[in-house]
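Trainee: The sequence shown stops at residue 373 when you use UniProt numbering, and every number in between is there.
Cβ atoms here follow ideal geometry from the backbone N, Cα and C, with glycine treated the same way.
One structure, as structure tokens, below. Some questions next.
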Amino acid sequence: MSVRVVARIRPLLKAEIERDVIVDAARAPGEAEDKTSVVRIPNPKNDSEAFSFQFNSVYGQEATQAQLFDNEVSPTVKHLFKGYDATLFAYGVTGTGKTHTMRGGKSLAERGVIPRLLSSIYRKARKLEKDSADATQVEVSMSYQEIYNDRVFDLFEPPEKRTPAGLPIRDVGNGKTQVVGLTERPCSSLKDFEQLYDQANVNRSTSATKLNAHSSRSHAILCVKITQTTGDEVRVSTASAIDLAGPEDNRRTDNKNERMVESASINKSLFVLAQCVEAISRKQARIPYRESKMTRILSLGQNNGFTVMILNLAPVRSYHLDTLSSLNFANRTKKIEVKEVENLPFYREAPGKGKIDGEKHNSLNAPAVHRQP
Ligand code: ADP
Ligand code: MG
């Protein structure tokens, strides 16, 4: 039970050539033959030197969607049904495979972690309902929002119905927040889910087109709520999957005015994300999650459960500096430690009656930073 930071190096695209590959996955000393946990990249100032960054695991160009899901995300499903929350991030510059990792392609083999997660949740729910002696019922619902330019929009709303100011966020206690007016849709099967998810993703891309922006300039936050009911006992847990906006380097792009403002808000929220995970990892009492809407919506560090950060990387030289800055960003997050506290069941009839002290687990899973010149 721990927080994991994993890197994934995407394969070459059609226009890219083998000769330009500079990033690869490598084994750490003593590591099993079928595992890699190091990313190697040359020093931009001296090609004969390499930097190494170690993560919980590193997936090379040939890694499949199924491997990534089975190793990194599938284990969270049983925890979800025990009442823990799960949060999955995809971080990386535009073009490195965040959307591919999260959403993926149409074919079964190319499906990303989100549809696979849902498929797994429904399978587990059906099994629970069938096998449980005490007639457990499982309900699944979803909300899907995007944060663009520091404003929150409901992706179930068609873009023309959006209020330009976005939806307000309200505190609801325990460090948790609620986005006021956000739609929550029940989805009782994978088919239901896919229909809603596809429609919302169309809204995401049309709104981006309308605003003359690219959808990679928004954070897309999918929240899947699982409600298990056994008699009077209700247990709720949430799986969140975030396709983050890419970090922007204004020194190297020709962002002007409005674009600068957007860029600043993207970078600020990613900076706060990094600060939050760093604060959590250092067990600091103050986690600055309130300083950006994204971290606030996720109640980062206030929430219980499991976090998996997937760092998406391109293998080629044209991304050299971006890849290095992504690796440095993720380096901070590796020491993350999250309080894992079960979501306690509550009782419908007698609120308050079911207040039991939850078991508190703490764990640290931080591989050493390992850089060699
Ligand atoms: P991002 O969301 O980070 O901007 P995308 O997910 O859109 O990046 O990926 C950029 C391109 O690379 C897309 O054409 C995508 O299909 C392709 N791609 C990314 N990762 C993989 C992968 N693991 N296997 C095959 N194609 C990939
Ligand atoms: Mg994308």
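#1: Indicate the three-state DSSP secondary structure (helix, strand or coil) for Y319 in the structure shown.
#2: Do the stretch 167-179 and the stretch 93-107 touch if we need at least three Cβ pairs shorter than 8 Å?
#3: Between which two residues does the alpha helix (DSSP H) harbouring V77 extend?
#4: May I ask whether a heavy atom of ligand 1 can be found less than 8 Å away from the beta carbon of T96?
#5: So for F329, helix, strand or coil by DSSP?
#6: Can you list the beta strand (DSSP E) stretches of 3 or more residues lying completely in the stretch 13-89, in chain order?
#7: Span of the beta strand (DSSP E) holding R286?
#8: Roughly how many angstroms separate the alpha carbons of F55 and T96, rounded to a whole number?
#9: Taking Cβ positions, are L300 and Y91 nearer each other than 9 Å?
#10: Contact defined as beta carbons within less than 8 Å: I believe G112 pairs with T94. What is the distance between those atoms, to the nearest angstrom?
#11: Given that a residue counts as buried once 16 or more other Cβ atoms are within 10 Å of its Cβ, and exposed if not, what is M309?
#12: Pull up the distance between the alpha-carbon of D249 and that of L80, whole angstroms please.
#13: For the putative contact between V179 and I297, defined by C-beta atoms under 8 Å, what is the C-beta separation to the nearest angstrom?
#14: Nearer than 8 Å: is that true of the beta carbon of A25 relative to any heavy atom of ligand 1?
#15: Beta-carbon separation of A264 and I114 under 9 Å?
#16: Cβ of N312 within 8 Å of any heavy atom in ligand 4?
#17: Any heavy atom of ligand 2 closer than 8 Å to the Cβ of D243?
#18: Whose C-beta lies closer than 6 Å to the C-beta of E349 among residues of the same chain, with five residues either side of it excluded?
#19: If you count every other CB in all the chains shown that lies within 10 Å of the CB of T163, and 16 or more means buried, which is it?
#20: Use the C-beta contact count for R235: other C-beta atoms within 10 angstroms, 16 or more gives buried, fewer gives exposed.
#21: Taking buried to mean at least 16 other C-beta atoms within 10 Å of its own C-beta, is T64 buried or exposed?
#22: Is the beta carbon of R259 closer than 9 Å to that of Y148?
#23: Just checking T99 against ligand 2 - is the residue's beta carbon closer than 8 Å to any of the ligand's heavy atoms?
#24: Excluding the 5 residues preceding and the 5 following E291 in the sequence, name in chain order all residues of the same chain whose CB lies nearer than 7 Å to its CB.
#25: Could you tell me whether the Cβ atoms of Q137 and Q228 are closer together than 9 Å?
#26: So what's L222 in DSSP terms, helix, strand or just coil?
#27: Strictly by DSSP, which residues pair up with I9?
#28: Exposed or buried, I266, counting other C-beta atoms within 10 Å across all chains shown (16 or more means buried)?
Mentor: Taking the definition as stated:
#1: Counting from 1 along the sequence shown, the entry for residue 319 is found at position 319. Of the three classes helix, strand and coil, the one that applies to Y319 here is helix, per DSSP.
#2: Taking a contact to require three or more Cβ pairs closer than 8 Å, the stretch 167-179 and the stretch 93-107 do not qualify as touching.
#3: The residue you call residue 77 lines up with position 77 of the sequence shown. Per DSSP, the continuous alpha helix (DSSP H) segment holding V77 begins and ends at S74 to F81.
#4: Working through the sequence shown from its first residue, we reach residue 96 at position 96. Closer than 8 Å to some heavy atom of ligand 1: that describes the Cβ of T96.
#5: Position 329 of the sequence shown, counting from 1, holds the residue named residue 329. It is helical.
#6: You should have 24-26, 38-43, 46-54 and 57-59.
#7: As a working note, residue 286 is residue 286 in the sequence shown. No beta strand (DSSP E) holds R286; DSSP gives it neither H nor E.
#8: On the sequence shown, position 55 is the one that residue 55 refers to. On the sequence shown, position 96 is the one that residue 96 refers to. Straight across, the Cα-Cα distance linking F55 with T96 is about 18 Å.
#9: As a working note, residue 300 is residue 300 in the sequence shown. As a working note, residue 91 is residue 91 in the sequence shown. Contact: no.
#10: Within the sequence shown, numbered from 1, the residue matching residue 112 stands at position 112. Within the sequence shown, numbered from 1, the residue matching residue 94 stands at position 94. Cβ-Cβ separation between G112 and T94: approximately 17 Å, too far for a contact (criterion under 8 Å).
#11: In the sequence shown, the residue the question calls residue 309 occupies position 309. By the neighbour-count criterion, in which a residue is buried when 16 or more other Cβ atoms sit within 10 angstroms of its Cβ, M309 is buried.
#12: Taking the first residue of the sequence shown as position 1, residue 249 is located at position 249. Taking the first residue of the sequence shown as position 1, residue 80 is located at position 80. Near 37 Å, if we compare the C-alpha coordinates of L80 and D249.
#13: Working through the sequence shown from its first residue, we reach residue 179 at position 179. Working through the sequence shown from its first residue, we reach residue 297 at position 297. About 6 Å separates the CB atoms of V179 and I297; that is less than 8 Å, so the two are in contact.
#14: Working through the sequence shown from its first residue, we reach residue 25 at position 25. The answer is no for A25.
#15: In the sequence shown, residue 264 corresponds to position 264, counting from 1. In the sequence shown, residue 114 corresponds to position 114, counting from 1. In this structure, I114 does not lie closer than 9 Å to A264 by Cβ.
#16: With respect to ligand 4, the structure offers nothing, as its ligand set consists of ligand 1 and ligand 2.
#17: Translated into the one-based positions of the sequence shown, residue 243 becomes position 243. Yes; taking the cut-off as 8 Å, the Cβ of D243 has a heavy atom of ligand 2 nearer than that.
#18: Residue mapping note: residue 349 aligns to position 349 of the sequence shown, counting from 1. Because E349 sits at a pLDDT of 41, beneath the cut-off of 50, its placement in the model cannot be relied upon, and the point is left open.
#19: Within the sequence shown, residue 163 is the residue found at index 163, counting from 1. Exposed, by the Cβ-count rule.
#20: Taking the first residue of the sequence shown as position 1, residue 235 is located at position 235. Buried, because 16 or more other Cβ atoms sit within 10 Å of the Cβ of R235.
#21: Sequence index remark: in the sequence shown, residue 64 carries index 64 (1-based). With fewer than 16 neighbouring CB atoms inside 10 Å of its own CB, T64 falls in the exposed class.
#22: Against the sequence shown, residue 148 aligns to sequence position 148. Against the sequence shown, residue 259 aligns to sequence position 259. No, the Cβ-Cβ distance between Y148 and R259 is not below 9 Å.
#23: As a position in the sequence shown, residue 99 is number 99, starting the count at 1. In this structure, the C-beta of T99 approaches ligand 2 to less than 8 Å from one of its heavy atoms.
#24: The residue labelled residue 291 in the question sits at position 291 within the sequence shown. Here the set comprises V272.
#25: To locate residue 137, count along the sequence shown from 1; it is residue 137. To locate residue 228, count along the sequence shown from 1; it is residue 228. Q228 is positioned such that its CB atom lies closer than 9 Å to that of Q137.
#26: Reading the sequence shown from its first residue, position 222 is the one you call residue 222. Residue state for L222 is assigned as strand, using DSSP reduced to three classes.
#27: Residue numbering aside, residue 9 sits at position 9 when the sequence shown is read from its first letter. In DSSP, I9 forms a bridge with L313.
#28: By one-based count along the sequence shown, residue 266 stands at place 266. Buried.
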